[in-house]
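Asks:
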Amino acid sequence: MDLSSKENTHLFPNSTGLPVDRSSFKSESSASKDKQSCCGGIKIFLGALSFVYFAKALSGSYLKSTITQIERRFDIPSSLVGIIDGSFEIGNLLIIILVSYFGAKLHRPRIIGAGCLIMSAGTFLIAMPQFFMGRYRYERFPSTINSTGSISPCLQDKSQAPLSALEKSQAKINAGCEKEAGSSMWIYVLLGNLLRGIGETPIQPLGITYIDDYAVEENAALYIGCVQTVAIIGPIFGFLLGSLCAKLYVDIGFVDLASVAISPKDVQWVGAWWLGYLIAGVISVLAGIPFWFLPKHLSRAGSRKDSSTSSEQSKFIIEENKERLKSYQHQAKLAEMAKGKSFLPEYFLPSLKNLFGNPVYILYLCASIIQFNSLIGMVTYKPKYIEQQYGQTSSKTNFVIGLINIPAVAFGIFSGGLIMKKFRISVLGAAKLSLGSSFFGYLLLLSLFAMGCENSDVAGLTVSYHGTKPMTDYEQALFSECNSGCSCSKNDWDPICGEDGVTYVSACLAGCQASNGTGKNTVFFNCSCVGTFESSQNSSAVVGPCQKGNECSKMFLYFLVISVITSYTLSVGGTPGYILLLRCIKPHLKSFALGIYTLAIRVLAGIPAPVYFGVAIDTTCLKWGSKRCGGRGACRLYDSSALRYVYLGLTLVLGTVSILFSVAVLWVLRKRSSPQDETLSANGERGTCGTKSRKDNFVNSDRLIQSTYWPEKETRL
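See below:
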């Protein structure tokens, strides 16, 4: 509701006891110094907060870039990786209410500094398992690991393998089993991410309110816009850092790289995922240092001191409770806050009922929850999708996302705000723009179904041996007449590429009789399953899977173009949608409504989406890896067609449902609006949201556009 200036002075009686003309007590020079001090202090805080936003966005996006690396390193399925990813939101929710409530009454800069330390501790904790798990072991035939003996992959006669080699191999397996109990160290990654979520919690609510409290009113929105702009840069560097670390072998500095028998193109390759977390942790520590030296309060600028309308707080106080709140504000102490005396539960349920009685708010909330389920799931597994669908390395995938997709998102956000400001779009127009953005964005996403690659030719899994149709049970289909005389394991994944262009699960299953060379240069000869029976005596194969054809490379380029346009289109609707939310609620419920909105997005989208997307993706796996002591490991090969339909299909189904809710929002707005309300007048004060008093429901358009923020904006791809 809107309060008159007379009511405001009644609410804050202390202001009435001050002389009207303050300048008579202060010389012009001292006033100038006070203003310079205020501006200098707030600009230092602005710079520090911008750096913190950069640090938290960098570490968050770096986690997204290492999803596949973590999955392979800890030999876990995608569904479990989804739980790890969602743990950040869980940590955030654990203390968000406490921080938002108590934080504003304590030393806000130091709380932000403490949050940075906790965030850095969590980031360091994520990297710690690398130093306690031992060296990374991948599945490879002994001759490719600097073995001097000539061992037949087929092992038709096991006596030809040197006993020392077999014993050594078995000893390594036994040693691995002893450490297998410690391979549940992925729990430390989960706890570290949980700690990151806890540390990140105070940054946004306390940082933004600190700027709004002490910045010159006309500069506050600009400052907040600067902070959010820097937050967009963080993910760019996060994914580029992920690209750099993915090129480096996981045990770099601990092993002889010349002895590594796999390359970044191999599905077993794990990059130096831990290195980026150490870098991100150091950045978080540095970002938190300035806050320990900033004051609890800054001197307010003159325009903020004397303005009876500068504080929006007075607008959000319930009129009938003014006197009660006024007397409480003078008496509240920290001890009383801890006992909960400053919370007025008798006003919570009526406010909640009032909020949920607003059909526009409820429908928009439902649309946002479902859309963020779609976007968060898509963003989380986008690197995995590109790697598996188009055969790209983790390094190239992260580079493309960081350098192409995220700038498109930033440009889309800016364009949405610019359109809202330039054309002075009404609430109804904002709803149309948001709906149109979602509709065309998901329509473009639909075209990606035609831009996939066929399955790689893998003998016994996607193609047959010598024309024999693969059986339904792929583990049995791995065995054929051509390798029937070999003692092979169906659990191994040590792919080789035959000269016929077909990938074989292992040299043994390819029926290879001899090998030459070591490491990446190993060549297998006399492979009975490679080619035709007539040429099998001279057939050969090399280490590593066969690469996808040139047609797949073209499809990848088409995918990038459509992906960038889709990212831009979906991002354009973010700002209008957020402003629609703010304009359609009563002013005194705005903060409460935004809190419910953020809570719902985190609980109903940020936490579950990565989990059920991961479960769905796991169903498309054709070949699971096996742990050294038994049990299913990470997936080695996906069905490309099934992965495309599951990943894109789930994204589109959720997007379609969210569009239906957006249509309902538009329908309600149209039903409650009159024809003359569909456009704004020149002063931008007209609009509709189906409420009794439009004046109470509007906020300054220019300011909202510059300070727009919504959950997961930094990673909305």
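Using this note's numbering, read the sequence shown as starting at 1 and increasing by one per residue. Backbone N, C-alpha and C define an ideal beta-carbon position, used for all residues, glycine too. Source: prediction; values computed, not measured.
What do you get for L163, buried or exposed, if any count of 16 or more other CB atoms within 10 angstroms of its CB means buried?
Replies: To locate residue 163, count along the sequence shown from 1; it is residue 163. Low confidence applies to L163: its pLDDT is 37, below 50, so where it sits in the model is not reliable enough to give any reading.
Asks: Give the DSSP-derived three-state secondary structure of S539 in the structure shown.
Replies: Numbered from its first residue, the sequence shown carries residue 539 at position 539. Three-state DSSP puts S539 in coil, outside helix and strand.
Asks: Could you tell me the alpha carbon to alpha carbon distance between A231 and F74, rounded to whole angstroms?
Replies: If you number the sequence shown from 1, residue 231 lands on position 231. If you number the sequence shown from 1, residue 74 lands on position 74. Computed Cα separation, rounded: 30 Å.
Asks: Would the region 568-576 and the region 433-441 be scored as touching if the rule is three or more Cβ pairs under 8 Å?
Replies: Contact between the region 568-576 and the region 433-441 is present, because at least three Cβ pairs lie under 8 Å.
Asks: Could you give the distance in angstroms between the alpha-carbon of V668 and the alpha-carbon of S658?
Replies: One-based indexing of the sequence shown puts residue 668 at position 668. One-based indexing of the sequence shown puts residue 658 at position 658. Near 15 Å, if we compare the C-alpha coordinates of S658 and V668.
Asks: Helix, strand or coil for V502? Go by DSSP, reduced to three states.
Replies: What you label residue 502 is simply residue 502 of the sequence shown in a count that begins at 1. Note: V502 maps to coil in three-state DSSP.
Asks: Apart from the five residues on each side of it in sequence, which residues of its chain come closer than 7 Å, Cβ to Cβ, to I369?
Replies: The residue given as residue 369 occupies position 369 in the sequence shown. Here the set comprises A600, I601, L604, A605.
Asks: Please identify the residue among A57, V615, I111, C527 whose C-alpha is closest to the C-alpha of E481.
Replies: The count along the sequence shown starts at 1 and reaches residue 481 at position 481. E481 has its Cα closest to that of C527, out of A57, V615, I111, C527.
Asks: Taking a contact to mean a Cβ-Cβ separation below 8 Å, would you say F54 touches G377 in this structure?
Replies: One-based indexing of the sequence shown puts residue 54 at position 54. One-based indexing of the sequence shown puts residue 377 at position 377. Contact: no.
Asks: Hey, could you find the ends of the alpha helix (DSSP H) Q729 is sitting in?
Replies: In this structure the chain extends from 1 to 717, so residue 729 is not present and cannot be described.
Asks: Between R135 and the rest of its own chain, which residues show a CB-CB distance below 8 Å, the 5 nearest in sequence each way excluded?
Replies: For the purposes of this step, residue 135 is identified with residue 135 of the sequence shown, where counting begins at 1. Excluding positions up to five away in sequence, the list reads D251, F254, V255.
Asks: Below 8 Å on the Cβ atoms is my contact criterion, and I expect V409 with S571 to pass it. Report the Cβ-Cβ distance as a whole number of Å.
Replies: Sequence index remark: in the sequence shown, residue 409 carries index 409 (1-based). Sequence index remark: in the sequence shown, residue 571 carries index 571 (1-based). About 5 Å separates the two Cβ atoms, so the contact holds.
Asks: From F239 to C366, what distance separates their C-alpha atoms?
Replies: Here residue 239 is taken as the residue at index 239 of the sequence shown, counted from 1. Here residue 366 is taken as the residue at index 366 of the sequence shown, counted from 1. Each residue's Cα considered, the two are about 31 Å apart.
Asks: Can you tell me the Cα-Cα spacing of I236 and C621, whole angstroms?
Replies: By one-based count along the sequence shown, residue 236 stands at place 236. By one-based count along the sequence shown, residue 621 stands at place 621. Cα-Cα distance, rounded: 30 Å.
Asks: Taking the alpha helix (DSSP H) that L443 belongs to, which residues open and close that run?
Replies: Here the question's residue 443 lines up with position 443 in the sequence shown. From DSSP, the alpha helix (DSSP H) with L443 extends over 427-446.
Asks: Determine the burial state of H588: buried for a count of at least 16 other Cβ atoms within 10 Å of its Cβ, exposed for fewer.
Replies: Taking the first residue of the sequence shown as position 1, residue 588 is located at position 588. When all chains shown are included, H588 counts as buried.
Asks: Per DSSP, which one or two residues make a beta bridge with V758?
Replies: Because the chain in this structure spans residues 1 to 717, residue 758 falls outside the shown range and cannot be described.
Asks: In three-state terms, what does DSSP make of S484?
Replies: Counted from its first residue, the sequence shown places residue 484 at position 484. It is coil, neither helix nor strand.
Asks: Could you tell me the distance, in whole angstroms, from the CA atom of T393 to the CA atom of D212?
Replies: Position 393 of the sequence shown holds residue 393. Position 212 of the sequence shown holds residue 212. Their Cα atoms are separated by approximately 44 Å.
Asks: Please report the Cβ distance between V505 and W493, rounded to the nearest whole angstrom; I am assuming they are in contact, meaning their Cβ atoms lie under 8 Å.
Replies: Numbered from 1 along the sequence shown, position 505 holds the residue referred to as residue 505. Numbered from 1 along the sequence shown, position 493 holds the residue referred to as residue 493. Right, the Cβ-Cβ distance comes to about 6 Å (below 8 Å), so this counts as a contact.
Asks: Any idea if V227 is buried or exposed, counting beta-carbon neighbours within 10 angstroms, 16 or more meaning buried?
Replies: Position 227 of the sequence shown, counted from the first residue, corresponds to residue 227. It is buried - the Cβ of V227 has at least 16 other Cβ atoms within 10 Å.
Asks: On the premise that L244 lies in contact with A127, defined as a C-beta separation below 8 Å, what is that separation, rounded to the nearest angstrom?
Replies: Taking the sequence shown and counting its residues from 1, one reaches residue 127 at position 127. Taking the sequence shown and counting its residues from 1, one reaches residue 244 at position 244. A127 to L244, Cβ: 15 Å. No contact.
Asks: Using a Cβ-Cβ cutoff of less than 8 Å, which residues in the same chain neighbour L355 once the five nearest sequence positions on both sides are dropped?
Replies: On the sequence shown, residue 355 is found 355 positions in, with the first residue counted as 1. Once the five neighbours on either side are set aside, the close Cβ partners of L355 are Y361, I585, L589, F592, A593, I596.
Asks: A57 and G234 look like a contact to me (Cβ under 8 Å); what is the Cβ gap, rounded to whole Å?
Replies: The residue labelled residue 57 in the question sits at position 57 within the sequence shown. The residue labelled residue 234 in the question sits at position 234 within the sequence shown. Right, their Cβ atoms sit about 3 Å apart.
Asks: Nearest CA to the CA of I262: which residue from N491, N521, G549?
Replies: Residue numbering aside, residue 262 sits at position 262 when the sequence shown is read from its first letter. The option with the nearest alpha carbon to I262 is N521.
Asks: Is S65 buried or exposed, if buried means 16 or more other CB atoms sit within 10 Å of its CB?
Replies: Working through the sequence shown from its first residue, we reach residue 65 at position 65. The residue is buried, with at least 16 neighbouring Cβ atoms inside 10 Å.
Asks: Tell me whether I607 is buried or exposed, calling it buried when 16 or more other Cβ atoms sit within 10 Å of its Cβ.
Replies: Locating residue 607 in the sequence shown gives position 607, counting from the first residue. With 16 or more Cβ atoms within 10 Å of its Cβ, I607 is classed as buried.
Asks: Return the CA-CA distance between K296 and Y568, expressed in angstroms with no decimal places.
Replies: The residue you call residue 296 lines up with position 296 of the sequence shown. The residue you call residue 568 lines up with position 568 of the sequence shown. Cα to Cα, K296 sits roughly 40 Å from Y568.
Asks: Buried or exposed, going by whether 16 or more other CB atoms sit within 10 Å of the CB of I76?
Replies: To locate residue 76, count along the sequence shown from 1; it is residue 76. By the neighbour-count rule (16 or more Cβ atoms within 10 Å), I76 is buried.
Asks: With DSSP as the reference, identify every bridge partner of R632, one or two as the case may be.
Replies: Start at 1 with the first residue of the sequence shown, and residue 632 comes out as number 632. S626.
Asks: Let me know the secondary structure DSSP gives C508 once reduced to three states.
Replies: On the sequence shown, residue 508 is found 508 positions in, with the first residue counted as 1. Coil at C508, not helix or strand.
Asks: Along the chain, where does the alpha helix (DSSP H) containing F479 start, and where does it finish?
Replies: Here residue 479 refers to the residue found at position 479 when the sequence shown is read from its first residue. Here F479 belongs to no alpha helix (DSSP H), and DSSP marks it neither H nor E.
Asks: With 16 as the cutoff for other CB atoms within 10 Å, does F291 come out buried or exposed?
Replies: Taking the sequence shown and counting its residues from 1, one reaches residue 291 at position 291. Buried, by the Cβ-count rule.
Asks: So, with DSSP's three-state summary, where would you put Q268?
Replies: Stepping through the sequence shown from its first residue, residue 268 is reached at position 268. The answer is coil: DSSP assigns Q268 none of H, G, I, E or B.
Asks: Quick one: using the 10 Å Cβ neighbour count with 16 as the cut-off for buried, is M451 buried or exposed?
Replies: Start at 1 with the first residue of the sequence shown, and residue 451 comes out as number 451. Classification for M451: buried.
Asks: Looking at C-beta atoms only, is the number of pairs between the region 112-125 and the region 483-492 that lie closer than 8 Å three or more?
Replies: Verdict: no, contact absent.
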